[in-house]
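Residue numbers (the working numbering), protein chains in the order written: chain A, 116 to 229; chain B, 13 to 125.
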């Protein structure tokens, strides 16, 4: 069974640009969550989608947005990039019947903002 | 507000020995779950162990066990017979409905041969 796939794995952008990251969950998983990981801060919750609906949102500015498609694939977008947005962005999926079960993580997309 | 605190940024253990990683949390909710996740260098984060808050019995998974003290809001991870493959960042996490998780800042575990 294929795991959670995130693309691209690495990318470099400049301040002011926007970026779109993609996540394909494990087959059958309908919940997709996004996290930002920075050194010393651990992981911070961005948002969670289930059946194309955002069910939960973290405390990030409106520049961070996401969506989920009918096939459960998800994208997140960051507009007007800032230096502080440099981070590893992790996507995680989980089983549909599990509201608080195990998260299956992808390898992440490492974003560097210059 | 929900917070998860891991006060040990880095720890070391000798191979075959036992090590305990600490985690405290704060929540006003009564229904929640606690997790320990492991992130090996440049590899995916994986679940180590899971504990439902309503269960008094401490969870155990092979060499990994937890000490869950609900009143103290403490959730420590004990790794017995440490192996080189246990070297990783370990994250404590607090989970709620709709898969909203709060993670600690992590503890880097070094295993010495």
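In this text, a Cβ means the ideal position worked out from N, Cα and C, and glycines have one as well.
| Asked | Found |
| --- | --- |
| Where residue 114 of chain B meets chain A, residues with beta-carbon distance less than 8 Å | 160 |
| Cβ neighbour criterion (16 or more within 10 Å) applied to residue 276 of chain A | An answer regarding residue 276 of chain A cannot be provided, because it is not within the stretch 116 to 229 covered by chain A. |
| Cβ pair count under 8 Å reaching 3, the segment 63-83 of chain B against the segment 91-107 of chain B | yes |
| Proximal residues, the segment 140-157 of chain A versus chain B, C-beta separation under 7 Å | 146, 148, 155, 156, 157 |
| Opening and closing residue of the beta strand (DSSP E) in which residue 207 of chain A lies | 202-209 |
| Validate contact between the segment 133-153 of chain A and the segment 20-37 of chain B using beta carbons, cut 8 Å, 3 pairs | no |
| Between the CA atoms of residue 127 of chain A and residue 112 of chain B - distance to the nearest angstrom | 29 Å |
| Closest residue to residue 116 of chain B among A/184, A/139, A/208, A/150 (Cα-Cα distance) | A/150 |
| For residue 26 of chain B and residue 184 of chain A, the rounded distance between their alpha carbons | 47 Å |
| Any C-beta of chain B under 7 Å from that of residue 171 of chain A | yes |
| Residues that residue 222 of chain A contacts on chain B, provided the C-beta gap is smaller than 7 Å | 56 |
| DSSP beta-bridge partners of residue 175 of chain A | In the DSSP output, where bridge partners are listed per residue, residue 175 of chain A has none listed. |
| Residue 123 of chain A versus residue 160 of chain A: straight-line alpha-carbon distance, rounded | 20 Å |
| Proximity of residue 119 of chain A and residue 208 of chain A at Cβ, strictly below 7 Å | yes |
| Proximity to residue 120 of chain B [Cα-Cα], best of B/46, B/28, B/33, B/15 | B/33 |
| Per DSSP, the bridge partner or partners of residue 57 of chain B | Answer is none; residue 57 of chain B lacks a bridge partner. |
| Residue 100 of chain B: CB within 6 Å of a non-hydrogen atom of the ligand ZN | Ligands in the displayed structure: none, and consequently the ligand ZN is not present. |
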